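Quick mapping for you: the protein sequence lines, in order, are chains A and B.
Heads up, the first sequence is in our numbering, so the first residue is 60 and it goes up one at a time.
Heads up, the second sequence is in our numbering, so the first residue is -9 and it goes up one at a time.
In this text, a Cβ means the ideal position worked out from N, Cα and C, and glycines have one as well.
Model, not experiment: these values are computed from the prediction.
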Amino acid sequence: MDIIGLLNDLTGGNLLLWKVVGTSIVLFLAGVQVLLAARFWGVSTVPSMTVGNAARWHRILGRATLTIAVVVAVSCIAGPAGPTSPTRVLLHSVFGTLVFLILAAKFALIRVLHSGDRLLPWIGTALFLVFGAIWATSVADYVTVR
Amino acid sequence: MDGRRVLWVVIVVFFLAMALAGPTAMVRASRASGGQAATSGQYGGGAVVQMKNIAFAPATLTVARGTEVVFQNLDVAPHTVTGKTPGGVDSGTLNPGKSFRLVVDQPLDYVCTIHPNMTGKILLSG
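Encoded structure:
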């Protein structure tokens, strides 16, 4: 099945625009995730909610963020993935690979091995930065071309 | 190993597969572009329209009737070559690296249905 054709049909012929919106939402939510994590790790009082609520929302938004990220990533991998030129595209692919390696490491640590809690702030920060890099090497270019 | 942990192992493996998919696509595209380069000289007698940076180049092409035009997707996004006249020319989805050949026997106004701002025109000379 032609996944790109299917997704393009589902988005009314606006697949690229939906990817731009999806990538932007993922970056925004990744920022919110960092704030929520800082709250329940006790290093920030923002946002003003209980530690328990911050942790619960971190899980809920995390799953939503990953779902959107995976859908956007699949639409990239099934369609345009492959070119290594220009440099922007190469970097975009590298950051895309990196984000899934970090996610695999994170869930392997906390859900399978049940260890490495001390690394979580670093992993979360790295995820936010890499999502930012993915946005900069895709959406920023899309907006510039327009 | 309990069921929940197995589920997380599956998720971790899925993320690793997603991480590998990008480099795999790069290697495949690299091999494919090597093959295309070998046949590109065969287009010498025809005309070429390239899809790059979400645009057709040239946007307007003038050719003699019966000329074969090759549309090459050199972009990082999938495109289509679709006539604005209903029921007319339609390449279907052209993923990056793919081409579409069309023998032109009448003027053509076309659009990429994935990116509606991306339009082109073929005129007949003489």
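Residue i versus the options, residue with shortest Cα-Cα distance
i: A/Thr126; options: A/Thr82, A/Gly71, A/Thr70 and A/Phe187; result: A/Thr82
i: B/Ala47; options: B/Leu6, B/Ile104, B/Pro13 and B/Val60; result: B/Val60
i: B/His69; options: B/Val94, B/Ser115, B/Asn43 and B/Asp(-8); result: B/Asn43
i: A/Gly155; options: A/Val93, A/Val130, A/Leu179 and A/Leu95; result: A/Val130
i: B/Leu64; options: B/Leu(-3), B/Ala45 and B/Leu98; result: B/Ala45
i: A/Ala192; options: A/Leu179, A/Trp100, A/Val85 and A/Asp176; result: A/Val85
i: A/Asn67; options: B/Ala67, B/Lys88, B/Leu113 and B/Pro13; result: B/Ala67
i: A/Phe159; options: A/Pro106, A/Thr124, A/Leu95 and A/Gly101; result: A/Thr124
i: B/Pro106; options: A/Ile62, A/Asn73 and A/Leu69; result: A/Asn73
i: B/Glu58; options: B/Thr75, B/Gly82, B/Gly87 and B/Val39; result: B/Val39
i: B/Ser115; options: B/Gly77, B/Gly87, B/Val53 and B/Pro76; result: B/Val53
Chain-ordered neighbours of residue i on chain A, where CB pairs are closer than 8 Å
i: B/Ala49; result: Under the 8 Å cutoff, chain A gives no residues; its nearest Cβ is about 15 Å from B/Ala49.
i: B/Phe5; result: Phe159, Leu160, Leu162, Ala163 and Phe166
Spatial distance of residue i from residue j (CA atoms)
i: A/Arg98; j: A/His117; result: 10 Å
i: A/Thr133; j: B/Ala15; result: First, the amino acid is wrong: residue 133 of chain A is Val here, not Thr. Their backbone Cα atoms lie some 12 Å apart in a straight line.
i: A/Val91; j: B/Asp(-8); result: 32 Å
i: B/Val94; j: B/Arg55; result: 6 Å
i: A/Thr104; j: B/Arg21; result: 53 Å
i: A/Ala89; j: B/Met108; result: 32 Å
i: A/Leu186; j: A/Leu65; result: 29 Å
i: A/Val198; j: B/Pro13; result: 21 Å
i: B/Val3; j: A/Ser107; result: 36 Å
i: A/Trp100; j: A/Ala195; result: 29 Å
i: B/Val79; j: B/Leu92; result: 9 Å
i: B/Lys74; j: B/Thr83; result: 16 Å
i: A/Thr70; j: A/Asp176; result: 40 Å
i: A/Arg115; j: A/His151; result: 31 Å
i: A/Leu172; j: A/Lys165; result: 10 Å
Beta-carbon contacts of residue i that lie in its chain and below 7 Å, excluding the five residues immediately before and after
i: B/Thr103; result: Thr70 and Thr72
i: A/Val189; result: Phe154, Leu157, Val158 and Ile161
Residues near residue i by beta carbon distance below 8 Å, same chain, minus five either side
i: B/Lys111; result: Ala49, Thr50, Leu51, Pro97, Leu98, Asp99 and Tyr100
i: B/Thr29; result: Any reading at B/Thr29 must be qualified, since the residue scores a pLDDT of 34, below 50, and its modelled position is unreliable; the value itself is stated next. Hits under 8 Å: none found.
i: B/Asn85; result: Asn63 and Pro68
i: A/Ser120; result: Residue identity differs from the one stated: residue 120 of chain A is Leu in this sequence, not Ser. Counting only Cβ-Cβ distances below 8 Å, and skipping sequence neighbours, we find Leu88, Val91, Gln92 and Leu95.
Residue i beta carbon near the ligand HEM (any heavy atom closer than 8 Å)
i: A/Val79; result: This structure simply doesn't include the ligand HEM, nor any ligand for that matter.
Contacts that residue i makes with chain B (C-beta to C-beta distance below 7 Å)
i: A/Thr156; result: Ala9, Gly12 and Pro13
Closer than 8 Å at the beta carbon, the chain B residues around residue i
i: A/Ile136; result: Met8, Ala11, Gly12 and Ala15
i: A/Gly72; result: Thr103, Ile104 and Pro106
Chain B contact residues for residue i, given Cβ-Cβ distances below 9 Å
i: A/Arg170; result: Arg(-6), Arg(-5), Leu(-3), Trp(-2), Val(-1), Ile1 and Val2
i: A/Ile63; result: Pro68, Thr83, Asn85 and Ile104
Chain-order list of residues whose beta-carbon lies under 6 Å from that of residue i (same chain, five-residue window excluded)
i: B/Ser81; result: Thr70, Val71 and Phe90
i: A/Ile62; result: Ala137
Whole alpha helix (DSSP H) runs in the stretch 132 to 201 of chain A with 4 or more residues, listed along the chain?
-> 146 to 166 and 179 to 195
Whole alpha helix (DSSP H) elements within the stretch 66 to 102 of chain A, 4-residue minimum | 74 to 99
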